[in-house]
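Below is one structure; the comments refer to it alone.
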Amino acid sequence: MKIKNNTIQGYLECPAGGCFDGQFPDSKDRRGRVQEGGNVTPTLTAEGNQQIYYNVDEWRIRKLTPKECWRLMGYADEDFEKAKASGTSNSQLYKQAGNAIVKQVLMAIFSQMNIKGVKPWNEV
């Protein structure tokens, strides 16, 4: 699938199974919509209008679900289900994922600080 992008070519390829940033599709100056050939998801942000899509196949795309965004940030499904069960809206669940720091990154930072009880980064 060709995704409009501000490059000489005018687009970037996103293969089936890849992710891309679909926000502002008519923009003529957006870059970085497809990263690493679709193998890396664009940054999740707390903006309510962010649109990260999954390229299902040549003809279908779909928006990532709040649960998938939480998974990308390293959180367990149980954590997501607790937040959803508390009555949190999908919009807020997307924002919470965008405001989060990737769990494994945070654990790696803490492990370098020699905090008692925190496993080394390579055991996280």
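Going by my numbering, the first residue of the sequence shown is number 43, and it counts up by one from there. C-beta atoms are modelled at their ideal positions from N, C-alpha and C, and glycine is treated no differently.
- In this structure ASN47 is buried. Its beta-carbon is surrounded by 16 or more other beta-carbon atoms within 10 angstroms.
- In this structure, the beta-carbon distance from CYS56 to ILE45 falls below 7 Å.
- Under the three-pair Cβ rule at 8 Å, the region 100–118 counts as touching the region 133–144.
- Bounds of any beta strand (DSSP E) do not take in TYR117, whose DSSP letter is neither H nor E.
- PHE122 is a Cβ neighbour of LYS109, given a cutoff of 7 Å.
- The secondary-structure analysis by DSSP pairs LEU54 across a beta bridge with ILE45.
- Counted as a single uninterrupted DSSP element, the stretch harbouring ILE143 is not any beta strand (DSSP E), since DSSP gives it neither H nor E.
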